[in-house]
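Just so we're aligned: the sequence shown equals residues 0 to 148 in numbering that gives the first Met the number 0.
All C-beta atoms, glycine included, are put in the ideal place defined by N, C-alpha and C.
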Amino acid sequence: MNKEQADKLLEKYYKGETELDEEALLKDFIAGEEETFADEQLIFDYYKEEAKMPEGLEDQLLKGFMQQQKPNKTIKLHWMRYASVAAVLLLGVVFWFSGHQKHQQMLAADEQFALMERALMEVSIGVQPPENDEVVVLFKDENLEIIAK
0 MNKEQADKLL EKYYKGETEL DEEALLKDFI AGEEETFADE QLIFDYYKEE
50 AKMPEGLEDQ LLKGFMQQQK PNKTIKLHWM RYASVAAVLL LGVVFWFSGH
100 QKHQQMLAAD EQFALMERAL MEVSIGVQPP ENDEVVVLFK DENLEIIAK
């Protein structure tokens with residue numbers, strides 16, 4: 000590999016477009032050219048020392064996680080079914096009773112109206128003079144009526 004090819008690979012590397020084999024080739028080339036690529040050598044050395052995950056750590060974490068997970072408790076709400084049925088029945092009774100009361104109130108109001116109407120009719124009949132063929136109206140005004148028997 001020459002310097003131009005290494006520069007092109009470095010551009011791809013910084014853009015994140017290199018593949019693993021290209022990165023390995025680039026690291027090997029830069030390791031041999033320490034004077035020309037000193038900055039890149041520092042970067043590669045830094046990443047060479049990056050922490051590696053110990054063998055079996057992933058399995059241990061997964062096993063611990065699986066042990067920690069407890070099955071969800073199922074809460075049985077059988078009583079909730081009965082409570083909801085009772086609430087619906089109670090609401091039905093309340094609505095029926097309130098409707099029945101309104102109906103009774105309407106009947107009572109109708110009866111009171113009929114009673115008042117009869118009472119007014121009797122008063123009206125009692126106030127009117129009896130019909131008499133012998134009565135003759137002599138004079139009639141807004142304020143005065145003169146009759147003769």
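Identify every residue that forms a DSSP beta bridge with Phe36. Looking at the DSSP assignment, Phe36 forms no beta bridge with any residue, so it has no partner.
Hey, Leu9 and Leu25 are a contact pair by Cβ (cut 8 Å); roughly how many whole angstroms apart? Contact flag correct, Cβ pair sits at about 7 Å.
In this structure, how does DSSP classify Leu137 when only helix, strand and coil are distinguished? Three-state result, Leu137: strand.
Beta-bridge pairing of Glu110 - partner residues as DSSP gives them: The partner list for Glu110 (beta bridge, DSSP) is empty, contrary to what the question assumes.
What does the alpha-carbon distance come out to for the pair Ile29 and Glu39? Whole-angstrom Cα-Cα distance: 7 Å.
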